[in-house]
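*Asks:*
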Amino acid sequence: LASAGNALDVLQRAPGVIVDNDGNIRLKGKQGVLVMIDGKETYLSPDQLAAQLRNTAAETISKVEVISNPGAKYEAQGSAGIINIVTKKNRRQGFNGSVNGSAARGESWSYDCGLNLNYRDKKFNLFGNYNYSNDDQVQQRDIWRNVNYEGELTRIHDDNVQTNHYNDNNFKAGIDYFINEKNTLGFVASGYVFHEKDDNFTDVTVFNSNDVVESSSTSEGDINDRFNNISLNLNYNAKFDSLGRELTVNADYAYYDGLNNDTYTTTYFNTEGNQTGDPDYLNNYNPTTVDIKSLKLDYTQPLNSKLKLEAGGKFSYVITDNDLQVTQLENNEWVNDPTRSNHFRYTENINAAYVNLAAQFKKLSLQAGLRGEQTIANGNSITIDNTFDRNYFQLFPSLSLNYAMNDNNSFGFSYSRRIDRPRYQSLNPFVFYLDQYLLGVGNPNLKPQLTQSVSLSYTLKQKYTVSLDYSYTVDNIIDLFYQNDSTRVVYEKPDNFDHQHYVDASFFAPIDVTKWWSVTPAVTVYYITETEQYESTVFTKSDVSWNGNLQNNFRLPDGFSLDVSAFYQSSGIWSIAEFKAFGSVDAGVKKNVLKDNGTIRLSVQDIFNTNHINGTIQYADLDGSVIQHNDTRQAKLTFTYRFGKQTEQRRHDGGNEEEKSRVGAGH
Numbered sequence: 005l006a007s008a009g010n011a012l013d014v015l016q017r018a019p020g021v022i023v024d025n026d027g028n029i030r031l032k033g034k035q036g037v038l039v040m041i042d043g044k045e046t047y048l049s050p051d052q053l054a055a056q057l058r059n060t061a062a063e064t065i066s067k068v069e070v071i072s073n074p075g076a077k078y079e080a081q082g083s084a085g086i087i088n089i090v091t092k093k094n095r096r097q098g099f100n101g102s103v104n105g106s107a108a109r110g111e112s113w114s115y116d117c118g119l120n121l122n123y124r125d126k127k128f129n130l131f132g133n134y135n136y137s138n139d140d141q142v143q144q145r146d147i148w149r150n151v152n153y154e155g156e157l158t159r160i161h162d163d164n165v166q167t168n169h170y171n172d173n174n175f176k177a178g179i180d181y182f183i184n185e186k187n188t189l190g191f192v193a194s195g196y197v198f199h200e201k202d203d204n205f206t207d208v209t210v211f212n213s214n215d216v217v218e219s220s221s222t223s224e225g226d227i228n229d230r231f232n233n234i235s236l237n238l239n240y241n242a243k244f245d246s247l248g249r250e251l252t253v254n255a256d257y258a259y260y261d262g263l264n265n266d267t268y269t270t271t272y273f274n275t276e277g278n279q280t281g282d283p284d285y286l287n288n289y290n291p292t293t294v295d296i297k298s299l300k301l302d303y304t305q306p307l308n309s310k311l312k313l314e315a316g317g318k319f320s321y322v323i324t325d326n327d328l329q330v331t332q333l334e335n336n337e338w339v340n341d342p343t344r345s346n347h348f349r350y351t352e353n354i355n356a357a358y359v360n361l362a363a364q365f366k367k368l369s370l371q372a373g374l375r376g377e378q379t380i381a382n383g384n385s386i387t388i389d390n391t392f393d394r395n396y397f398q399l400f401p402s403l404s405l406n407y408a409m410n411d412n413n414s415f416g417f418s419y420s421r422r423i424d425r426p427r428y429q430s431l432n433p434f435v436f437y438l439d440q441y442l443l444g445v446g447n448p449n450l451k452p453q454l455t456q457s458v459s460l461s462y463t464l465k466q467k468y469t470v471s472l473d474y475s476y477t478v479d480n481i482i483d484l485f486y487q488n489d490s491t492r493v494v495y496e497k498p499d500n501f502d503h504q505h506y507v508d509a510s511f512f513a514p515i516d517v518t519k520w521w522s523v524t525p526a527v528t529v530y531y532i533t534e535t536e537q538y539e540s541t542v543f544t545k546s547d548v549s550w551n552g553n554l555q556n557n558f559r560l561p562d563g564f565s566l567d568v569s570a571f572y573q574s575s576g577i578w579s580i581a582e583f584k585a586f587g588s589v590d591a592g593v594k595k596n597v598l599k600d601n602g603t604i605r606l607s608v609q610d611i612f613n614t615n616h617i618n619g620t621i622q623y624a625d626l627d628g629s630v631i632q633h634n635d636t637r638q639a640k641l642t643f644t645y646r647f648g649k650q651t652e653q654r655r656h657d658g659g660n661e662e663e664k665s666r667v668g669a670g671h
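Under the working numbering, think of the first position of the sequence shown as 5, with each following residue one higher.
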């Protein structure tokens, strides 16, 4: 990939990885992927994670690890596997840094810039970076629903346009103190300041059975959200000898402070298009705080030249507090609506321990591990005095075998059991207003989903890989839509399905066509069958789908390089919904300047404007379709300048990663 690209460009081209318009990441067609950067999980919602990756320079990335069945040392969270973005590392001493800036144009302008600094000598390593982005995006959503109530068919058309204005700042600063050759003490502080201000306009038209307008309404939303985070990490690493005995300790503290302050004005019209009555004014004031404390220890003990034992543990304690206040304007005064307001407090303590044995023989390598996690949780809807408690213990075994028959042929087998716990906000039982006919509601009865996975693989010449995977998931966590036929309102609610079977076959082959042209195709064909209960009906859905990535890199004369990439996702199913095929073609050209210290890159994303969502739901009383267009076609110009000795700091893997990934930025 041209070095002036960004981390999202790289991630979207990783084998089997698909990133949709909302930033949701799927691996081989499955959700539930745990994304890590240098072994440290992110804490943002999918769209905010995508925004942060867009502001991370691709040239800082060494490799992307796609781990289908992680070992016991990793968090058990992430049923679809782990994607770990590994940044470059260089131990040369001195001062170095880089600055970058970019401007992009789609339906509107977006800008970002960043600064990265590092200084290292024999005793200290000081590092820091700061990134800022100002991003405007337009999202259009067109929804049709057919509602059949008491023999009368009603058609509802929901036409929504939302203009998003994002301002986000993220920073990281730290210091490593090299006590001696075997002991290092480090401290890292990082933060994220995010502000989103959206203009939301929804036009709803209701047609009767004769396709005549029955009524209509418009809803204007003034969305003003912010989200701030500060994370502190104190870490210590001790290497006891040259044989590999090692201890790592991480103490972490993170605090999140978010506020959603959204006001909606809804105006109603009769069949002639004349306004009826006064508009409705509604405000969602939703402050949220999340407090995370954790302590993590990892120890490695070589037993002999062929065996290595790893063991460790982790303690975490999380407190979330969400005070939703819904008010309506009555007689020029904002009056609280007690049926919609709710103060929700959730605490969760996870105690984990693991042991892992690694063995290396002549042609066979083996890793076998076991991780145990105890979860103790309490949820309290203070407003309605409703509480729930959870206390459960789960074991997560893992096994990995690799047999290298010779230098050109190797075979692999892996097995793991993993968990996906609900996001904290998903457990809040109260209703959130999205628009006149669409409401969101949490589910305090939501259970974690559990997945068992096995994988077989064959690798030729350490380059070309074919794999076959199978997974079985119980209590699938899915966002469902429940319809009230009499009011025509749809509730979006996370719920557990019964179980899911998943089988896939994947192929990955980097090919050097010529000295100046390389091609990397990656294809995954997968089969999903789900047994689900929707309200009182149990049904099964099955489908075969496939997706593919194709990356072309061209080394051109005069120091230019060109990359042309494409991805395609065939039509398929997701829970009770069906979606049509979508894809994208991107291209970028790069040129190094200023004695190779600077890089200029011009790129165009989604050249043919084909990366859009088109789906339908037709089951029981649900009958609808949605077409969603995001501002995906953009032209972008990026400049990066590097100065000083190009070294990079020691990476820090904090201990509260799993908890952070479930915060979801308060949304």
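Note that beta-carbon positions come from the ideal geometry of N, C-alpha and C, so glycine has one too.
With residue 526 as the anchor, note down where its beta strand (DSSP E) starts and where it stops.
*Replies:* Within the sequence shown, residue 526 is the residue found at index 522, counting from 1. That run of the beta strand (DSSP E) goes 521–538.
*Asks:* Ignoring anything shorter than 3 residues, give me the beta strand (DSSP E) runs that lie fully in the segment 103–142, in order along the chain.
*Replies:* Taking only runs of at least 3 residues, the beta strand (DSSP E) segments lying wholly in the segment 103–142 are 113–124.
*Asks:* If you compare alpha carbons, which of 12, 17, 186, 311 is closest to residue 514?
*Replies:* Walking along the sequence shown from the start, residue 514 turns up at place 510. Of the listed residues, the one whose Cα sits closest to residue 514 is 17.
*Asks:* Give the secondary structure of residue 94 by DSSP, where H, G and I count as helix, E and B as strand, and everything else as coil.
*Replies:* Translated into positions along the sequence shown, residue 94 becomes position 90. Confidence at residue 94 is low in this model, with a pLDDT of 49, below 50, so the placement of that residue should be treated as unreliable; the coordinate-derived value is given next. Correct three-state label for residue 94: strand.
*Asks:* Buried or exposed: residue 67, going by 16 or more other Cβ atoms within 10 Å of its Cβ?
*Replies:* Start at 1 with the first residue of the sequence shown, and residue 67 comes out as number 63. Result: exposed.
*Asks:* Measure the C-alpha to C-alpha separation of residue 485 and residue 38 and round it to an integer number of angstroms.
*Replies:* As a position in the sequence shown, residue 485 is number 481, starting the count at 1. As a position in the sequence shown, residue 38 is number 34, starting the count at 1. Each residue's Cα considered, the two are about 25 Å apart.
*Asks:* Using DSSP with H/G/I as helix, E/B as strand and the rest coil, what is residue 58?
*Replies:* Your numbering for residue 58 matches position 54 in the sequence shown. Residue 58: helix per DSSP, three-state reduction.
*Asks:* Taking the straight line between their C-alpha atoms, what separation do you get for residue 588 and residue 396?
*Replies:* Within the sequence shown, the letter at position 584 stands for residue 588. Within the sequence shown, the letter at position 392 stands for residue 396. If you take the alpha carbons of residue 588 and residue 396, they lie about 44 Å apart.
*Asks:* Whether or not the segment 393–410 and the segment 96–103 are in contact is what I'm after, with contact meaning three or more pairs of Cβ atoms, one per stretch, closer than 8 Å; do they touch?
*Replies:* No, the segment 96–103 does not touch the segment 393–410.
*Asks:* Compare the Cα-Cα distances from residue 573 to each of 543, 542, 617, 442 and report the closest residue.
*Replies:* For the purposes of this step, residue 573 is taken as the residue at position 569 of the sequence shown. Considering only alpha carbons, the answer is 617.
*Asks:* Looking only at its own chain, which residues have a Cβ that is under 8 Å from the Cβ of residue 155, when we skip the five neighbours before and after it?
*Replies:* Residue mapping note: residue 155 aligns to position 151 of the sequence shown, counting from 1. Excluding sequence neighbours, residue 155 sits near nothing in its chain.
*Asks:* Taking the beta carbon of residue 298 as the centre, do at least 16 other beta carbons fall within 10 Å, making it buried, or is it exposed?
*Replies:* Translated into the one-based positions of the sequence shown, residue 298 becomes position 294. Label assigned to residue 298: buried.
*Asks:* Let's test the definition: count the other Cβ atoms within 10 Å of the Cβ of residue 282 and tell me whether it reaches 16, buried, or not, exposed.
*Replies:* The residue you call residue 282 lines up with position 278 of the sequence shown. Label assigned to residue 282: exposed.
*Asks:* Can the beta-carbon of residue 487 be found closer than 7 Å to that of residue 494?
*Replies:* Working through the sequence shown from its first residue, we reach residue 487 at position 483. Working through the sequence shown from its first residue, we reach residue 494 at position 490. Yes, the Cβ-Cβ distance between residue 487 and residue 494 is below 7 Å.
*Asks:* Say whether the segment 491–511 touches the segment 468–476, bearing in mind that this needs 3 or more beta-carbon pairs closer than 8 Å, one atom from each stretch.
*Replies:* Counting Cβ pairs under 8 Å, three or more are found: they touch.
*Asks:* Hey, could you find the ends of the beta strand (DSSP E) residue 458 is sitting in?
*Replies:* The residue labelled residue 458 in the question sits at position 454 within the sequence shown. It spans 453–464 - the beta strand (DSSP E) in which residue 458 sits, taken as one unbroken run.
*Asks:* Taking buried to mean at least 16 other C-beta atoms within 10 Å of its own C-beta, is residue 324 buried or exposed?
*Replies:* As a first step, residue 324 is located in the sequence shown; it is residue number 320 there, counting from the start. Buried: at least 16 other Cβ atoms inside 10 Å.
*Asks:* Quick one: grab the DSSP three-state call for residue 672.
*Replies:* Since the first residue of the chain shown is 5 and the last is 671, residue 672 is not available in this structure.
*Asks:* Please report the straight-line C-alpha distance between residue 583 and residue 577, rounded to a whole angstrom.
*Replies:* For this step, residue 583 is matched to residue 579 along the sequence shown. For this step, residue 577 is matched to residue 573 along the sequence shown. Taking the straight line joining both Cα atoms gives about 6 Å.
*Asks:* Could you pull out every residue in the same chain whose Cβ sits closer than 6 Å to the Cβ of residue 635, ignoring the five residues on either side in sequence?
*Replies:* Your numbering for residue 635 matches position 631 in the sequence shown. The answer, listed in chain order, is 110, 111, 141, 142.
*Asks:* Using only the alpha-carbon positions, how far apart do residue 211 and residue 541 sit?
*Replies:* In the sequence shown, counting from the first residue as 1, residue 211 sits at position 207. In the sequence shown, counting from the first residue as 1, residue 541 sits at position 537. Roughly 29 Å separates the two Cα atoms.
*Asks:* Helix, strand or coil, according to DSSP, for residue 6 in the structure here?
*Replies:* Within the sequence shown, the letter at position 2 stands for residue 6. Unreliable placement is indicated for residue 6, whose pLDDT of 49 sits below 50; the coordinate value is still reported in the next sentence. In the structure shown, residue 6 sits in coil (DSSP, three-state: anything other than H, G, I, E or B).
*Asks:* Taking the alpha carbon of residue 536 as the point to measure from, which residue in 545, 491, 82 has its own alpha carbon closest?
*Replies:* The residue you call residue 536 lines up with position 532 of the sequence shown. Nearest C-alpha to residue 536: 545.
*Asks:* Considering only C-alpha positions, which residue in the set 626, 565, 638 is nearest to residue 605?
*Replies:* In the sequence shown, residue 605 corresponds to position 601, counting from 1. The option with the nearest alpha carbon to residue 605 is 565.
*Asks:* Please classify residue 340: does DSSP put it in a helix, a strand, or coil?
*Replies:* For the purposes of this step, residue 340 is identified with residue 336 of the sequence shown, where counting begins at 1. The answer is strand: DSSP assigns residue 340 an E or B state.
*Asks:* DSSP three-state call for residue 399: helix, strand or coil?
*Replies:* For the purposes of this step, residue 399 is taken as the residue at position 395 of the sequence shown. Here residue 399 sits in strand by DSSP.
*Asks:* In angstroms with no decimal places, state the Cα-to-Cα distance between residue 406 and residue 624.
*Replies:* As a position in the sequence shown, residue 406 is number 402, starting the count at 1. As a position in the sequence shown, residue 624 is number 620, starting the count at 1. Using only the alpha carbons, I get a separation of about 48 Å.
*Asks:* Do the segment 208–227 and the segment 267–280 make contact, defined as three or more Cβ pairs closer than 8 Å?
*Replies:* With the cut-off at 8 Å, the segment 208–227 and the segment 267–280 touch.
*Asks:* Excluding five sequence neighbours on each side, which residues of the same chain lie with their C-beta closer than 6 Å to the C-beta of residue 402?
*Replies:* Stepping through the sequence shown from its first residue, residue 402 is reached at position 398. Excluding residues within five positions, the ones whose Cβ falls inside 6 Å are 75, 76, 373, 420.
*Asks:* Our contact map puts residue 383 next to residue 356 with C-beta atoms below 8 Å; I'd like the distance itself, whole angstroms only.
*Replies:* Position 379 of the sequence shown, counted from the start, is the residue given in the question as residue 383. Position 352 of the sequence shown, counted from the start, is the residue given in the question as residue 356. With 8 Å as the limit, residue 383 and residue 356 do not qualify as a contact, their Cβ atoms being about 21 Å apart.
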